[in-house]
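Novice: The numbering of the sequence shown is the working numbering, which starts it at -17 and goes up by one. Backbone N, C-alpha and C define an ideal beta-carbon position, used for all residues, glycine too.
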Amino acid sequence: MNRSYARSDRISEQIKRELAELIQSELKDPAVGMLTITEVQVTPDLLHAKIYFTSPTNDPLIMQGLERSTGYLRAQLAKRMATRGIPQLHFVYDTSIDEGMKISQLIKDALPPQ
């Protein structure tokens, strides 16, 4: 196994845990309501991180609130993580859960009633 791959996986998991805690407990932005971080993908050079999230409301204000809070979140990650640098954070709404629900509904509709 390539060591840089394993390191980026460890960094991804740590960023996911730390961001989830920061957003739930310390972020004061009212636009960022309830959300769940589903995945974090860090580039091999550890310069960028895509943070995938989902929210029950799918409100576009959540994305704006996260973008406003990026600097604060990155600074807090720097305090909590023992790495040389913290990647740039890029938030992306995770549509996989919505797509999975649509597929499940299509399958349910295609089956004959019992």
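If distances are taken between C-alpha atoms only, which option among ILE89, GLN23, GLN46, GLN87 comes closest to SER(-6)?
Specialist: With distances taken between Cα atoms, SER(-6) lies closest to GLN23.
Novice: On the three-pair Cβ rule with 8 angstroms, is the stretch 81 to 94 touching the stretch 38 to 55?
Specialist: With the cut-off at 8 angstroms, the stretch 81 to 94 and the stretch 38 to 55 do not touch.
Novice: Kindly indicate which three-state DSSP category MET(-17) falls into: helix, strand or coil?
Specialist: Note that MET(-17) has pLDDT 48, beneath the 50 cutoff, so the model's placement of it is unreliable and the number below is only indicative. Correct three-state label for MET(-17): coil.
Novice: Please say whether LEU71 and ALA13 have beta carbons closer to each other than 7 angstroms?
Specialist: In this structure, LEU71 does not lie closer than 7 angstroms to ALA13 by Cβ.
Novice: Quick check on the DSSP output: the alpha helix (DSSP H) that includes LYS32 runs from which residue to which?
Specialist: It is not in any alpha helix (DSSP H) - LYS32 instead sits in the beta strand (DSSP E) that spans 30 to 36.
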